[in-house]
Each structure stands twice: as C-alpha cells, then as structure tokens.
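Chemist: Below you will find the structure I want to go over with you.
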Amino acid sequence: MIPLVIIDAANVVGSVPDGWWKDRHGATERLRDTLATLPTTGVGTLEPPLDVVMVVEGRARNVTASDTIRVVSAPGSGDDAIVDLVRAAPDRTCVVVTADRGLRARVTDLGASVLGPSSVRQ
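Residue numbering for the sequence shown follows numbering that gives the first Met the number 0, starting at 0 and increasing by one per position.
This is the structure in structure tokens:
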C-alpha cells in the first residue's frame, strides 16, 4: 500500500520567517507548489510513490489541490483533521510533517511517524 504523507501546512509555512503572515493563502499555495514532486521523489526514508495530503486551515482554507498534492480543508482545527486522517488509515504507513509537539504526540500514539518541516522545505 502506498504510504500516506500528511503535511501540516500551517506549521510548515510558519517554520520559515519569510513574511508568510502577510499572505497566508499565497504562502500556502507556494508550499503546495514546492511539494509537487514529493510523491515521485520521496521524503525521509520513504521511497516513492507517495500519497501526499496537505491539511489547510484558517485563511488558507481555500487553497486548492494540484495535480500531485491533495488538499484537505479543515473545518475546524487543522490538528484534529490530521489526527482524523491518521486514524482513518490504520493499515497504512503514515508520516506527518510538523514541528507541533502536541500534534506529534497525538499522531505517534496512533502509530504514525513524524518528520520536521525541514524535510520538505528547501
């Protein structure tokens, strides 16, 4: 089964102080575009192919999917949406990309692995 990589978009965007707070939606679109090759290049120790899902929330909620990156718009908390995605895939390898300590604990309790934002940012 193809591994699932879940990107905590708000956390990854916020990991680089590049002015993202002036345009959260645009910064999230740029992140999506940066991730475009991830499904075919891999991340960390995960070899391709990968199923990559970016979870968006707040002002970035209207960011759309691309040809290679699925986007899930969290109706509330992005962290809760990420936990729900991990919970819905109990028989899959799941990797969550975030630096959020609380989220890290929640998803590792469900069997997911975690990578930091630098694993997907250039």
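Don't be surprised by glycine CBs; every beta carbon is placed ideally from N, CA and C.
Which one or two residues does DSSP pair with Ser72 in a beta bridge?
Modeler: Val55
Chemist: Residue range of the beta strand (DSSP E) that Val96 falls in?
Modeler: 93 to 96
Chemist: Give me whichever residues DSSP pairs with Asp50 in a beta bridge.
Modeler: Leu3
Chemist: Near Leu3, what residues of its chain come up, given a Cβ to Cβ distance below 6 Å and the 5 sequence neighbours on each side ignored?
Modeler: Asp50, Ala88, Arg91, Cys93
Chemist: Looking only at its chain, what residues have a beta carbon closer than 8 Å to the beta carbon of Leu45, apart from the 5 residues adjacent to it on each side?
Modeler: Cβ-Cβ distances below 8 Å link Leu45 to Pro2, Val4, Thr92, Val94 in the same chain, with the five nearest sequence neighbours on each side left out; the list follows chain order.
Chemist: Can you pull the DSSP bridge partners for Val42?
Modeler: Leu45
Chemist: To the nearest angstrom, report how far apart Val96 and Ser14 are at their CA atoms.
Modeler: 11 Å
Chemist: Does DSSP put Ser14 in a helix, in a strand, or in coil?
Modeler: coil
Chemist: Less than 7 Å separating the Cβ of Val82 from some heavy atom of the ligand NAP?
Modeler: In the structure on display, the ligand NAP does not appear, and there are no ligands present to speak of.
Chemist: To the nearest angstrom, how far is the alpha carbon of Thr33 from that of Arg103?
Modeler: Cα to Cα, Thr33 sits roughly 23 Å from Arg103.
Chemist: Based on DSSP bridge pairs, tell me the residues matched to Val113.
Modeler: Val95
Chemist: Measure from the alpha carbon of Leu30 to the alpha carbon of each residue in Asn10, Pro47, Pro48, then state which is nearest.
Modeler: Asn10
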